[in-house]
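Beneath this line is the structure, given in structure tokens, with notes to follow.
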DNA sequence: CTTGCATTTTACCGAACGGTCAACTAGCAT
DNA sequence: ATGCTAGTTGACCGTTCGGTAAAATGCAAG
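Residue numbers (my numbering), protein chains in the order written: chain A, 1 to 200; chain B, 1001 to 1200.
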């Protein structure tokens, strides 16, 4: 790994937990640079603006999830509806472990950023939207498979997938408002009761 | 209305749409003062800090809702489950009208603030939590009434109420990410399919 | 007419904000 | 050894941030 990419990734590594645990506006570039051991001029060598940094941070979080829990959860070897159980469990355990270390429920970075910036920055909103869209597709494929297998009654897979994603984000929001990951444990399993019937 | 309360309420009136359409951190006191036609010294005569202002703003939003759509929706004269339909419709039409005027889906102020500040300000988080708690109670009472009337099968009313609130917030979040209130129209009715079974 | 208080004005504080710039360094290819 | 370039440094830009303090104003009661 050459020097250049190291500096860049150190910046991202410093920014990630900060944007996650506070907010976009509340974390300054100066603080990130200090924590990464980088001068501000170097920062702007790698990132044209603060917005470009947060874009990169979002990408990293997305990759981390896609290659971690999400890949495990949506394992084709698992019965379809169990994949959803797995994902929900992963969200719970992840938030719980963060709280144990950090003392706080930090919630979902994508949800956090969506509500903070999506009225102010369409480029960032588009990136977040793409991530949600991919998540929805995972749910949708799973639901279609479950219907095909006869595990669940036929339904509007597209809309139900969107509803499930919404529910998961909402549960995490409520859990954050209580600073208590147990809310996820309590509520998230009900995600499987959500249904949007297919149009006649 | 005397001069004092007028200045104070002009400040709140100027702050409300700004906190709603942007974020807590992104709206400065100076801007609020300019818009309200008030000097900064006057601002700090009425509000000890920015946080106290946002607390007052949250109260106003909460009162507005409680005395408006929420009061209409949870009308005891309505069949219980229709109250939920009503509330969901109200959320949709409200967001839609805001978008028509403002060009943007602004979402739920309580959800927005929760995700932005609840890791950083426990007092504000507590206020938001209290508002969610009241909302949950409305759902809970409605569900209990529906069960008593035999409209729906028995369930864990407390948890289902919490789940419904979560779902509503999640749907609004997703709608905001797409800047499209029709997401609410599409997804929100599925709120009535959510169920948490009562413990055996 | 005066005292007292609530309100308002104005100027100001230090700190932080995102971002820029020119100079400098190190490594590599010619 | 020279020149080019990616990377780095540190000082600096103007602006805004939340918040303060003292003086000035308006007003009502005694």
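Backbone N, C-alpha and C fix where the C-beta goes; we use that ideal spot for every residue, glycine too.
For chain A, the residues of the stretch 1129-1145 of chain B that bring a beta carbon within less than 7 Å of one of its beta carbons are 1129, 1132, in chain order.
Excluding its 5 nearest sequence neighbours in each direction, residue 1125 of chain B has C-beta neighbours in its own chain below 6 Å: 1118, listed in chain order. Residues of the stretch 1102-1128 of chain B that bring their beta carbon within less than 7 Å of a beta carbon in chain A comprise 1104, 1106, 1107, 1111, 1112, 1114, 1115, 1116, 1118, 1119, 1120, 1125, 1128, in sequence order.
Of the candidates B/1134, B/1173, B/1012, B/1012 places its Cα closest to the Cα of residue 1056 of chain B.
For residue 31 of chain A, not one C-beta of chain B is nearer than 7 Å to its own C-beta. Here residue 16 of chain A has 57 as same chain residues with Cβ atoms under 6 Å from its own Cβ, once five neighbours each way along the sequence are excluded.
Against chain A, a Cβ distance below 7 Å from residue 1193 of chain B picks out 193, 194, 195. Residue-level contact check: residue 167 of chain A touches chain B, since one or more beta carbons of chain B fall below 7 Å from its beta carbon. Nearest CB-CB separation between residue 190 of chain A and chain B: below the 7 Å threshold.
For residue 1155 of chain B, the closest Cβ of chain A is not nearer than 7 Å. The beta carbon of residue 1058 of chain B does not come within 7 Å of any beta carbon belonging to chain A, so the residue lies off that interface. Spanning the alpha carbons of residue 87 of chain A and residue 1140 of chain B requires a straight line of approximately 27 Å. For the C-beta of residue 159 of chain A, the chain B residues within less than 9 Å are, from N- to C-terminus, 1186, 1187, 1190. Residue 1170 of chain B sits away from residue 107 of chain A, with the two beta carbons spaced by 7 Å or more. In the DSSP assignment, residue 33 of chain A falls within the unbroken alpha helix (DSSP H) covering 29-36. Straight across, the Cα-Cα distance linking residue 1120 of chain B with residue 102 of chain A is about 13 Å.
For residue 170 of chain A, the closest Cβ of chain B is nearer than 7 Å. Under the Cβ criterion of 7 Å, residue 49 of chain A is not counted among the residues facing chain B. Distance check between residue 1021 of chain B and each of B/1038, B/1098, B/1131, B/1078 places B/1098 closest, using alpha-carbon atoms only.
Assignment of residue 105 of chain A by DSSP, reduced to helix, strand and coil, places it in the coil class. Across the set A/47, A/182, A/65, A/197, the C-alpha of A/47 shows the shortest separation from the C-alpha of residue 9 of chain A.
At the C-beta level, residue 1143 of chain B and residue 1161 of chain B come within 7 Å of one another. Assignment of residue 122 of chain A by DSSP, reduced to helix, strand and coil, places it in the helix class. Chain-order list of chain B residues neighbouring residue 176 of chain A: 1114, 1115, 1118, 1119, 1125, by C-beta distance under 9 Å.
Listed in chain order, the alpha helix (DSSP H) elements of length 4 or more contained wholly in the stretch 65-97 of chain A are 69-73. Looking from the CA of residue 1134 of chain B, the closest CA among B/1173, B/1079, B/1059 belongs to B/1059. For residue 42 of chain A, no chain B residue has a Cβ inside 8 Å of its Cβ, as the nearest lies near 26 Å away. If the five residues before and after residue 96 of chain A are omitted, its C-beta is found closer than 6 Å to the C-beta atoms of 181, all from its own chain and listed in chain order.
Note on residue 1123 of chain B: under 16 other CB atoms within 10 angstroms of its CB, so exposed under the neighbour-count rule. In this chain, the alpha helix (DSSP H) harbouring residue 1166 of chain B covers 1157-1178. Below the 9 Å Cβ cutoff, chain B contributes no neighbours of residue 97 of chain A, its closest Cβ being approximately 16 Å away. Residue 197 of chain A sits in coil when the DSSP states are folded into three classes, being neither helix nor strand.
For residue 152 of chain A, the secondary structure class from DSSP, reduced to helix, strand or coil, is coil. With contacts defined by Cβ atoms closer than 7 Å, residue 1197 of chain B and residue 1129 of chain B do not form a contacting pair. Only residues of its own chain outside the window of five on either side were considered, and among them 32, 35, 36 have a CB closer than 7 Å to the CB of residue 14 of chain A, listed in chain order.
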